[in-house]
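Sequences listed follow chains A and B, in order. Mind the numbering: the first sequence is residues 70 to 512 in the numbering used here, read in order. Mind the numbering: the second sequence is residues 9 to 241 in the numbering used here, read in order. We put the CB at the ideal spot given by N, CA and C, even for glycine.
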Amino acid sequence: MFSVLQFESEIPNLLAEDAFLSDDLLRQLMDVGEVDLLVGISSHDHARTTSHALRAIERSVQQHFTRQRAVIINACGEEKESRNKAAARLRILAEENLRFPKLAALRTIHQVNVDSSVPPSAGSALHTILAAADLLRARACVVLSPGSADLTPDWIAKLLAPAYQDNFDFVAPIYARHKFQGLLARNLLYPMSRAIFGCGIRELYSDEWGFSGRLAAACLNQDVWNEEHIRARPEAWMAISAMAPDFRCCQSFLGPKMQSTAGYDTNIVEVFRQAVGNLFWCIESRQSSWLESDRSELVHTIGPDHELTSETTRLNRHRIFELFQSGVTELEPMLGSILDPVTHAEIKSAVALEESKFRFGPELWVRTLYDFAASYHHAVINRDHLVQALVPLYRGMTFSFLIEYADSSAAEMEAGSDRLCGEFARQRPYFTEKWKAMIEVKS
Amino acid sequence: MKEAILRGLEQAYSNIHQMLADFLPRFMVMLIILALGLLVAFALRYILQAILSFTNLSRGSEKVGASSVLRSAHLPAMTVLLSRSLFWLTWFCFILIGLSSLGLAGFREEVFRILHYLPQLFAGILIVFVGLIAANFLSRTALLAAVNAGHSSARILSWLIRSLIWILTISMTLEELGVAGKTVVSAFSIVFGALMLGLAIAFGLGGQDMARRSLEKYLGDTKKEAEREPNPL
Numbered sequence: 070m071f072s073v074l075q076f077e078s079e080i081p082n083l084l085a086e087d088a089f090l091s092d093d094l095l096r097q098l099m100d101v102g103e104v105d106l107l108v109g110i111s112s113h114d115h116a117r118t119t120s121h122a123l124r125a126i127e128r129s130v131q132q133h134f135t136r137q138r139a140v141i142i143n144a145c146g147e148e149k150e151s152r153n154k155a156a157a158r159l160r161i162l163a164e165e166n167l168r169f170p171k172l173a174a175l176r177t178i179h180q181v182n183v184d185s186s187v188p189p190s191a192g193s194a195l196h197t198i199l200a201a202a203d204l205l206r207a208r209a210c211v212v213l214s215p216g217s218a219d220l221t222p223d224w225i226a227k228l229l230a231p232a233y234q235d236n237f238d239f240v241a242p243i244y245a246r247h248k249f250q251g252l253l254a255r256n257l258l259y260p261m262s263r264a265i266f267g268c269g270i271r272e273l274y275s276d277e278w279g280f281s282g283r284l285a286a287a288c289l290n291q292d293v294w295n296e297e298h299i300r301a302r303p304e305a306w307m308a309i310s311a312m313a314p315d316f317r318c319c320q321s322f323l324g325p326k327m328q329s330t331a332g333y334d335t336n337i338v339e340v341f342r343q344a345v346g347n348l349f350w351c352i353e354s355r356q357s358s359w360l361e362s363d364r365s366e367l368v369h370t371i372g373p374d375h376e377l378t379s380e381t382t383r384l385n386r387h388r389i390f391e392l393f394q395s396g397v398t399e400l401e402p403m404l405g406s407i408l409d410p411v412t413h414a415e416i417k418s419a420v421a422l423e424e425s426k427f428r429f430g431p432e433l434w435v436r437t438l439y440d441f442a443a444s445y446h447h448a449v450i451n452r453d454h455l456v457q458a459l460v461p462l463y464r465g466m467t468f469s470f471l472i473e474y475a476d477s478s479a480a481e482m483e484a485g486s487d488r489l490c491g492e493f494a495r496q497r498p499y500f501t502e503k504w505k506a507m508i509e510v511k512s
Numbered sequence: 009m010k011e012a013i014l015r016g017l018e019q020a021y022s023n024i025h026q027m028l029a030d031f032l033p034r035f036m037v038m039l040i041i042l043a044l045g046l047l048v049a050f051a052l053r054y055i056l057q058a059i060l061s062f063t064n065l066s067r068g069s070e071k072v073g074a075s076s077v078l079r080s081a082h083l084p085a086m087t088v089l090l091s092r093s094l095f096w097l098t099w100f101c102f103i104l105i106g107l108s109s110l111g112l113a114g115f116r117e118e119v120f121r122i123l124h125y126l127p128q129l130f131a132g133i134l135i136v137f138v139g140l141i142a143a144n145f146l147s148r149t150a151l152l153a154a155v156n157a158g159h160s161s162a163r164i165l166s167w168l169i170r171s172l173i174w175i176l177t178i179s180m181t182l183e184e185l186g187v188a189g190k191t192v193v194s195a196f197s198i199v200f201g202a203l204m205l206g207l208a209i210a211f212g213l214g215g216q217d218m219a220r221r222s223l224e225k226y227l228g229d230t231k232k233e234a235e236r237e238p239n240p241l
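If you want it as C-alpha cells, here you go:
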C-alpha cells in the first residue's frame, strides 16, 4: 500500500517530465501499479501479427515467471478493431489456461495499449515503453517486434531472465544464421562498435532485446528523442548506451531466425542509412566516452556465441562485383574527398583487377571504414550522402567475403571474424588520430 | 587688350581659387569618410569572422554542400567569404556616400540609383548561390541513388539534373536583375516546355514499348537485385 502511495505521489513530477504520454495511457499505467517485468511491443509494421506476439508473451510469463507481476505495453498504435480481436484471443487463451493449471500465472498479466492517431515511429514507441518502465519501476524489460515469425515463449524468457535474475542491464539476442546472412553486422557493425566502444555486441540491430529498469531510466533521461536516427531505429543506440562502464551487458542465444539469406525487405541504401548512419552518429555523439578510453571487455554469452548454417543459396557474385566496380568508378570524385589519398589509391587499383584476382583485404576495409567515420565526423560532405557512398565499397567487401569463405566451416569463419576484430583494434590509433587531427585543422 | 587678358586671368584664377576653396573641403570630407569607412569595414569584418567561427558555420556549410560549391568556383571558405563580402559592402557604401559628398552635378542621382539597385543585386547573388547548392546537392543525390541501384547512366542523370537547375537558376537571376526579363522568361518557358513536351512525346508515343519494357525491367530488377545480394542485417 505504501509503495502505491509513494508511486502516486510521484505522478505529478513524472507528469511534468513525461508530458508526451497521453492522459489515457497514464491512467492505464496508474491502474497497473508497480511491476517486475515489462514486455513492450514496439514495431508498427506488423500490427496483424501482434496477437501472435501477445500469445507468446502470455505463455512465457506463465511458464517462466509465475510469481512475477508483469505488464504488456502495446505501443504499436494499431487500430482499436484489431486490438479488440487480439484481446478476444487473449481471453480465449486465458480460459484455456484455466484448464491447464500448470500454465496459469499466479498474478494477472496487465495489458496497456497506446492509442495514437498515427502509427508511432520505432523511436517514439521505445520512448513510450521506457517511460512506462520507469513509471512502473519494472526490474526487467523486453522489447519485441511482433513481425518476428519465430517469436517463442522461450525467446522472451531468455531475454528477460538475465536482466531479472542475473542483474544484467542489456541482453542482446544471438541467432543461429546462415553463414552469408548479416554480413553488414559481421563485417562492420559488430567489429567497429567493439573496437571503438570496447564492448562487442554481435546483434546491434535485432527485433527483440532485453534490458533492466536502470538502463531504461538512464536512456529515458538522454536528450535524443527528437533525433532522426533515434526515431527510425533506436536499438543500436540503446545497445551502445549499455556499453558504458556503468552497465553490464550480455548476449543470449535464442536459436535459428527465419530470414532469407538472399534478399531483404528494404533496399540496401535504406539499410545503410539507418544502420551505418546510426552507428556513425553514435560514434560522433558519444566521442567523449571512447576517444580517450582503451577499454576492451568480453561480453558474457549465455549459450553458443555463434552458430552458422550453410545451406545452398543463390547469390549473384558477378553482379555484386560489377556494382562495386561501377560504383567506385562513378563516385570517384566523392570518394576522393572522403578517403585518405593512400586508401583511395589502393581502392582504385583494386577496382582495376580482374574478378578472379580481386580481394578486399581486412586491412584496407578497416582503413576505409575509419576514413569514412572520420569524414562523417568532419562533415566533409553531406552526411547522408557519405553513408550512401559506402554502399559500393561494402559490395566489394561482400564479394571478397563470399569468395574467401565459400567453403569455410563455422569455426574458420569465426576465426576470420576474430582477425577482423583484431585489425579494427590495431588500427584504432589511426582512427583517433584522423578524428583529432582534422579538429585541429578546422579550429 | 592686355588689361582684358589680365582681367580674364584674374577671373580664371579667382574661379579656380573659388572652386578649390569649395572642392578641397568636400574632398577632405570624402577622404575622411573613406578612411572612416575602411576602419568600420575592417572592424565589422573581424567581428563577423569571430562570430562565425564560434557558430561552426564551416561545418554547416560542408554539410549542405555550400563549401564544395565554393571550392569548385575557386572561392574562399564560407566564413572568409562572408566576412570579406561584408567588408567590401560596407566600404562600397562608404565610397558612394563619400563620392556623393563631393556634390558633383548628376552624381548624387547616380549614387541613389546604384543604392536602389543593391537589394536586387544581392537577391540575384543569393539566387545563384542557393541554385548552385541545390544543383550540387540534388545531382549528387541522383548520382548516389542511380549508382547504388546499379543504373548504367548514373552520371548522365546527375548531369541532366544539375543542368536543369542551373538553367532555372540563371533565368531566375536574370529576371531578378531585370536584364531582358521578358525575353529570359519567354526563352526559358519555350526551352523548358519544349524539352518536357519532347520527352513526353518521345517516351509516351514514340517509345511506348520501350517505356513499358523499362518500367517492367526497373520494377522487376528492384526485386531481383535484392535476391542477388546477401541480407546485410
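Chain B contact for residue i (CB, 9 Å cutoff)
i, result
"F349 of chain A", "no"
"F427 of chain A", "no"
"T467 of chain A", "yes"
"S478 of chain A", "no"
"Q250 of chain A", "yes"
"G396 of chain A", "yes"
"M327 of chain A", "no"
"V187 of chain A", "no"
"Q496 of chain A", "no"
"A241 of chain A", "no"
"Y22 of chain A", "As shown, chain A starts at 70 and ends at 512. That puts residue 22 of chain A outside it, with no answer to give."
"Q457 of chain A", "yes"
"I337 of chain A", "yes"
"W504 of chain A", "no"
"T382 of chain A", "yes"
"P314 of chain A", "no"
"V340 of chain A", "yes"
"Y463 of chain A", "yes"
Of the listed residues the options, nearest to residue i (C-alpha basis)
i, options, result
"M309 of chain A", "A:N336, A:S477, A:A344, A:P498", "Note that residue 309 of chain A is Ile in the sequence shown here, rather than Met. Residue A:A344 is the option with its Cα nearest to I309 of chain A."
"C319 of chain A", "A:I126, A:G485, A:V368, A:L204", "A:V368"
"A201 of chain A", "A:G405, A:P215, A:H179, A:P222", "A:H179"
"Q43 of chain A", "A:T119, A:L471, A:P188", "This structure gives no information on residue 43 of chain A, because the portion of chain A shown stretches from 70 to 512."
"R342 of chain A", "A:M466, A:T135, A:Q457, A:S477", "A:Q457"
"A122 of chain A", "A:R300, A:L220, A:S193", "A:L220"
"L195 of chain A", "A:Q291, A:N256, A:P498", "A:Q291"
"G186 of chain B", "B:V199, B:S93, B:G132, B:E11", "B:G132"
"S147 of chain B", "B:I135, B:L134, B:A157, B:R163", "B:R163"
"L143 of chain A", "A:F134, A:I198, A:R128, A:V130", "Reading off the sequence, residue 143 of chain A comes out as Asn, not Leu. It is A:I198 whose Cα lies nearest to the Cα of N143 of chain A."
Between the CA atoms of residue j and residue i - distance to the nearest angstrom
i, j, result
"E391 of chain A", "W174 of chain B", "32 Å"
"H447 of chain A", "A421 of chain A", "30 Å"
"R452 of chain A", "A191 of chain A", "22 Å"
"E95 of chain B", "S166 of chain B", "Reading off the sequence, residue 95 of chain B comes out as Phe, not Glu. Straight-line Cα distance between these residues: approximately 37 Å."
"M466 of chain A", "P240 of chain B", "12 Å"
"W99 of chain B", "M180 of chain B", "28 Å"
"P498 of chain A", "L203 of chain B", "54 Å"
"N144 of chain B", "E277 of chain A", "40 Å"
"I13 of chain B", "M27 of chain B", "20 Å"
"R386 of chain A", "L94 of chain A", "51 Å"
"W306 of chain A", "R428 of chain A", "32 Å"
Residue-chain proximity (residue i, chain A), Cβ-Cβ < 9 Å
i, result
"G264 of chain B", "The requested residue 264 of chain B is not part of the displayed model; chain B covers only 9 to 241."
"S194 of chain B", "no"
"P240 of chain B", "yes"
"L152 of chain B", "yes"
"E183 of chain B", "no"
"E117 of chain B", "no"
"R170 of chain B", "no"
"A162 of chain B", "yes"
"V88 of chain B", "no"
Neighbouring residues, chain E, relative to residue i (Cβ below 7 Å)
i, result
"A344 of chain A", "The displayed structure is made up of protein chains A and B, and chain E is not among them."
Contact between the stretch 374 to 383 of chain A and the stretch 426 to 441 of chain A (3+ Cβ pairs under 8 Å): no
Does the stretch 140 to 157 of chain B touch the stretch 394 to 407 of chain A, meaning 3 or more C-beta pairs lie closer than 8 Å? yes
Cβ contact (3+ pairs, closer than 8 Å) linking the stretch 275 to 290 of chain A and the stretch 194 to 208 of chain A: yes
Would you check if the stretch 218 to 236 of chain A and the stretch 350 to 359 of chain A touch, i.e. whether three or more CB-CB distances between them fall below 8 Å? no
Pair every Cβ in the stretch 299 to 314 of chain A with every Cβ in the stretch 259 to 271 of chain A, then say whether three or more of these pairs are closer than 8 Å. yes
Is it the case that the stretch 115 to 133 of chain B contacts the stretch 47 to 55 of chain B, given that we only count it when at least three CB pairs across the two stretches are under 8 Å? no
What runs of the alpha helix (DSSP H), each 4 residues or longer, lie entirely inside the stretch 389 to 421 of chain A? 401 to 407, 410 to 420
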